[in-house]
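Number of protein chains: 2
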Amino acid sequence: MGRRSIHTPEQLRQLILDAAAAIIEAHGLAGLSAREIARRIGYSPGTIYNMFENLDDVVLNVEGRVLDQLDERLVAELAKGGDQKALVQQLAQTYLAFTHERPKLWNLLFEHYMPGGTDTPPWYQEKLERLMGRVETAVAPLYPPDAVLERQRAARVLWAGVHGITSLSTANKLSNVTSEAAASLVTDLVGNYLAGAAIKAAPVRAAAS
Amino acid sequence: MGRRSIHTPEQLRQLILDAAAAIIEAHGLAGLSAREIARRIGYSPGTIYNMFENLDDVVLNVEGRVLDQLDERLVAELAKGGDQKALVQQLAQTYLAFTHERPKLWNLLFEHYMPGGTDTPPWYQEKLERLMGRVETAVAPLYPPDAVLERQRAARVLWAGVHGITSLSTANKLSNVTSEAAASLVTDLVGNYLAGAAIKAAPVRAAAS
DNA sequence: TGTGTGAATTGAACGGCGGCCCATGGAGAC
DNA sequence: GTCTCCATGGGCCGCCGTTCAATTCACACA
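And the structure:
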């Protein structure tokens, strides 16, 4: 069969990524295969190799879209504004909600290693840093303007901490913690961490407030 | 070929689990296969099915051993005793060190879902709860004796938080955070969280101390 | 020491899936 | 109508989990 011209190359790319994401969400990374993607989009396996280098390339691009989607959510949340302290809490809850919506898809980010231990491409690292930057933005008002390192550290700790709660709760590996309870754990983590950090900055005032 | 009696059944079980763990540590869960285990231990694939129900059963038992090994480490750390506050920090660092030693093997716990969404067997959940109990023990002296819920919550939050840092740093998904830097993030997390929690319990005294 | 017996071990075989490639022929350009 | 180009999808080759009839050996007993 020759060319179909039903879909533009870009449409085809998106079709493939949509299908791949759906498969991963339903059956995990292990359930993904070029044939299965092809079946779902009504094309043949070969088509996928015209648009992507190989399956790992497809997966990497699915990951990229997930990161972009999370970024959109965080940006939307930041745009709402509101109380500074509450903002960090809101971001954390947004992250939690996002990862709980499509747990297997989110888990993909941690299941998928690059073949041969290659590290992820620059655009991927940039997406990660962009996300981290959102948290830094939210945390910024709570720190003196010149406390750059503290801010970065806080952002990373909070990001990782919230990630830990979502990761363990979606995997059902936090003994007896349901998804709903995870939200209150996140609140507790963020609240106590920020309170503790505030003491270090200005012990007396923090305690008095 | 008939019986060899070179290994007792129990030895054979351990041989299989050793080999499986080695394969997973080297190539991830995706690299595991009954044939590969058989090759490594010098037996045939069929032998594995005499000792285990199927490959998932093997994997589950590898997970069990990993949990047991971590528990041993935590217990050893608890036995050392020492300052109460420092103890929580020590446990956290022990966890971090353990997961960084064999990252792929540790990751197994979060890559491997039970087939068909079955939940993990009771003995597995018990191992998880035993681990959580270790953290509760370490946290206990920092809370009033009757504050059971607070203690449990703190243990879960700390456990998950530390897990998040180890998870992201081993996966290289915490922008620009190396393995060594992870240790200081853990210290920061535990320190600030506990400090924040202390305020809530007794604002004035915590600030004054 | 010889022999019978059952358990342990085997490995070939089944049915299926996978990644990836390339000769083919249909679609578009002129 | 002709030609060119490129998407196509059938096919190659290999690996997988799992099974089970056949085989071989350890051991008990004589």
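First to last, the sequence lines map onto chains A and B.
For the first sequence, counting from 1, position 168 maps to 168 in my numbering; every step adds exactly one.
To convert, take the position in the second sequence, counting from 1, and add 1000; that gives my numbering.
Think of the CB as a built atom: it goes at the ideal place given N, C-alpha and C, for glycine as much as any other residue.
The shortest C-alpha to C-alpha distance from Trp1159(B) to any of Glu1180(B), Ser1033(B), Val1190(B) and Val1148(B) is the one to Val1190(B). Note on geometry: alpha-carbon atoms of Ala140(A) and Glu72(A) lie some 20 Å from one another. According to the DSSP assignment, His100(A) belongs to the alpha helix (DSSP H) that extends over Gln84 to Glu101. Against Ala171(A), the close residues of chain B are Leu1109, Phe1110 and Tyr1113, in the order they occur along the chain (beta-carbon pairs closer than 9 Å). Assigned with DSSP and collapsed to three states, Glu1010(B) falls in helix. Note that the C-beta distance between Gly1161(B) and Tyr1193(B) is below 8 Å.
Counting only the Cα atoms, Phe110(A) lies some 12 Å from Gly164(A). Remark: C-beta atoms of Tyr1095(B) and Thr1166(B) approach each other more closely than 8 Å. Contact with chain A is found for Glu1129(B), since one of that chain's Cβ atoms lies less than 8 Å from the residue's Cβ. Scanning chain B for C-beta atoms nearer than 9 Å to the C-beta of Asp56(A) yields nothing, as the closest lies near 12 Å away.
Residues of chain A with a Cβ closer than 8 Å to the Cβ of Gly1191(B) are, in chain order, Gly196. Taking CB atoms only, Arg156(A) has a neighbour in chain B less than 8 Å away. Listed by position along chain B, the residues whose Cβ is nearer than 8 Å to that of Ser167(A) are Phe1110, Ala1160, His1163, Gly1164 and Ser1167. Note on Val1186(B): 16 or more other CB atoms within 10 angstroms of its CB, so buried under the neighbour-count rule. If you draw a straight line from the Cα of Gln125(A) to the Cα of Lys104(A), it comes to about 21 Å. Between the stretch 1036–1051 of chain B and the stretch 1075–1084 of chain B, the count of C-beta pairs closer than 8 Å stays below three; the two stretches do not touch. About 13 Å separates the CB atoms of Val58(A) and Ala22(A); that is not less than 8 Å, and the two are not in contact. In its chain, beyond the 5 residues on either side, Val162, Val186 and Val190 have a beta carbon closer than 6 Å to the beta carbon of Ala92(A).
Within the stretch 1101–1151 of chain B, the complete alpha helix (DSSP H) segments at least 4 residues long are 1103–1111 and 1122–1139, listed from N- to C-terminus. Distance between Gly1116(B) and Leu29(A), taken at the CA atoms: about 15 Å. The residue from Ala1097(B), Gly1064(B) and Phe1052(B) with its alpha-carbon nearest to that of Arg1130(B) is Gly1064(B).
Residues of chain B whose Cβ lies closer than 7 Å to the Cβ of Gly117(A) do not exist; the shortest such Cβ separation is about 10 Å. With respect to the C-alpha of Leu1074(B), the residue from Leu1060(B), Gln1089(B), Asn1107(B) and Val1062(B) having the closest C-alpha is Gln1089(B).
Distance from the CA of Asp18(A) to the CA of Ile6(A), rounded to the nearest whole angstrom, comes to 17 Å.
By the criterion of a C-beta distance shorter than 6 Å, Thr170(A) is surrounded in its chain by Pro103, once the five residues flanking it on both sides are discounted. For Arg102(A), no Cβ of chain B is located within less than 8 Å of the residue's own Cβ. The beta carbon of Thr99(A) sits closer than 7 Å to the beta carbons of Trp106, Thr166 and Thr170 from its chain, once the five residues preceding and following it are set aside; these are given in chain order. At a beta-carbon threshold of 8 Å, none of the residues of chain A lie near Asp1083(B); the nearest stands roughly 18 Å away. Contact between Asp1188(B) and Val157(A) holds, since their C-beta atoms are separated by about 5 Å, short of 8 Å. For Ser175(A), the secondary structure class from DSSP, reduced to helix, strand or coil, is coil. Secondary structure at Glu53(A): coil, using DSSP grouped into helix, strand and coil. The shortest C-alpha to C-alpha distance from Lys173(A) to any of Tyr1143(B), Pro1045(B), Leu1108(B) and Ala1034(B) is the one to Leu1108(B). The beta carbon of Ala181(A) sits closer than 8 Å to the beta carbons of Ser169 from its chain, once the five residues preceding and following it are set aside; these are given in chain order. By a beta-carbon distance limit of 8 Å, Ala34(A) does not contact Leu15(A). Their separation comes to about 14 Å.
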